[in-house]
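Have a look at the structure below, then the notes.
Residue numbers (the numbering used here), protein chains in the order written: chain A, 6 to 121; chain B, 2 to 112.
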């Protein structure tokens with residue numbers, strides 16, 4: 006079976022500090038990977054997606070970046086956090102090569118980021 | 002991307018059947034309708050996906066009319082633990098799925 010991990014679960018960072026959130030997927034190969042952000046009481050905003058190693062597409066302009074150094078690893082980063090970066094960050098995967106037999110997107114537990 | 006529209010909120014008593022309708026007038030030929038459930042401080046969880054007619058699994062049923070411009074998620078005999086936000090999406094089934102999660106429908110189950 007497939008599992009998706011995110012860490013840390015919660016994070017409090019000062020404005021201007023760097024950020025690194027990590028997501029890993031187990032039990033499947035060549036997944037499509039996604040980073041979403043959810044503000045309080047709002048829907049999910051797609052930030053980045055990746056269909057393969059080193060292939061990153063950005064959906065919205067921002068001071069965040071993403072990288073995919075390995076097939077099942079997805080990292081969200083920032084050099085300098087802004088107050089507006091606070092939110093609930095979710096990583097998700099979907100079947101990229103038909104190996105899992107599963108449909109839809111599958112989400113990790115999320116990281117609650119508070120920028121002070 | 003096909004835009005979806007669903008009610009902002011719904012209330013239901015325990016034990017009742019709940020039907021949440023979603024409209025997607027501009028759904029593309031290759032789009033599927035997918036529903037997710039989200040509890041507070043958790044990521045959305047896939048519930049069900051369908052293309053047309055009726056799909057049923059252990060959690061819910063999904064009804065899609067022939068014109069596919071709307072769909073209805075049916076939750077049988079809801080319990081308090083079904084209180085959550087439910088999202089309706091229209092997206093391609095395979096490969097990269099560029100989807101838009103709106104604000105969903107907040108279902109409150111009342112004792």
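Each residue gets a CB set at the ideal place from its N, CA and C atoms; glycine is no exception.
Practice task
Determine contact between the stretch 31–46 of chain B and the stretch 108–117 of chain A, defined as no fewer than three beta-carbon pairs at a distance below 8 Å.
Solution key: Contact between the stretch 31–46 of chain B and the stretch 108–117 of chain A is present, because at least three Cβ pairs lie under 8 Å.
Exercise for the section: Could you tell me whether any Cβ in chain B is nearer than 8 Å to the Cβ of residue 97(A)? Expected result: Interface annotation, residue 97(A): in contact with chain B, CB-CB separation under 8 Å.
Handout entry: Per-residue DSSP class, three states only, for residue 12(B)
Key = strand
Problem - Unbroken beta strand (DSSP E) run spanning residue 57(A), endpoints - result: 49–57
Problem - Beta-carbon proximity list for residue 28(B), same chain, < 8 Å, skipping 5 on both sides - result: 3, 34, 69, 70, 91
Problem - Minimum Cβ-Cβ distance from residue 84(B) to chain A less than 8 Å - result: no
Handout entry: residue 107(B): first and last residue of the uninterrupted beta strand (DSSP E) it sits in
Key = 106–111
Handout entry: Nearest to residue 67(B) (by Cα), restricted to the options 61(B), 80(B), 25(B)
Key = 25(B)
Practice task
Check the Cβ-Cβ distances between residue 111(A) and every residue of chain B, and say whether any is below 8 Å.
Solution key: yes
Exercise for the section: Give the DSSP bridge partners of residue 37(B), in chain order. Expected result: 47(B), 88(B)
Problem - Other residues of its chain near residue 36(A): CB distance less than 6 Å, five sequence neighbours each side excluded - result: 30, 98, 101
Exercise for the section: Would you mind sorting residue 25(A) into buried or exposed? The rule is 16 or more other CB atoms within 10 Å of its CB. Expected result: exposed
Handout entry: Cβ contact check for the stretch 13–25 of chain A and the stretch 40–59 of chain A: 3 or more pairs under 8 Å
Key = no
Practice task
Going by CA-CA distance only, name the one from 53(B), 5(B), 99(B), 19(B) that's closest to residue 81(B).
Solution key: 19(B)
Problem - Close Cβ partners of residue 72(A) (< 6 Å) along its chain, the five nearest in sequence each way excluded - result: 80
Exercise for the section: Spell out a yes or no on whether the stretch 51–68 of chain B and the stretch 6–18 of chain B are touching, meaning 3 or more CB-CB pairs, one atom from each, closer than 8 Å. Expected result: no
Exercise for the section: Alpha carbon to alpha carbon, how far is residue 110(B) from residue 79(B)? Give it in angstroms, no decimals. Expected result: 7 Å
Exercise for the section: Return helix, strand or coil for residue 81(B), following the three-state DSSP convention. Expected result: Reduced to three states, the DSSP call for residue 81(B) is helix.
Handout entry: C-alpha distance - residue 108(B) paired with residue 32(A), whole-angstrom precision
Key = Taking the straight line joining both Cα atoms gives about 33 Å.
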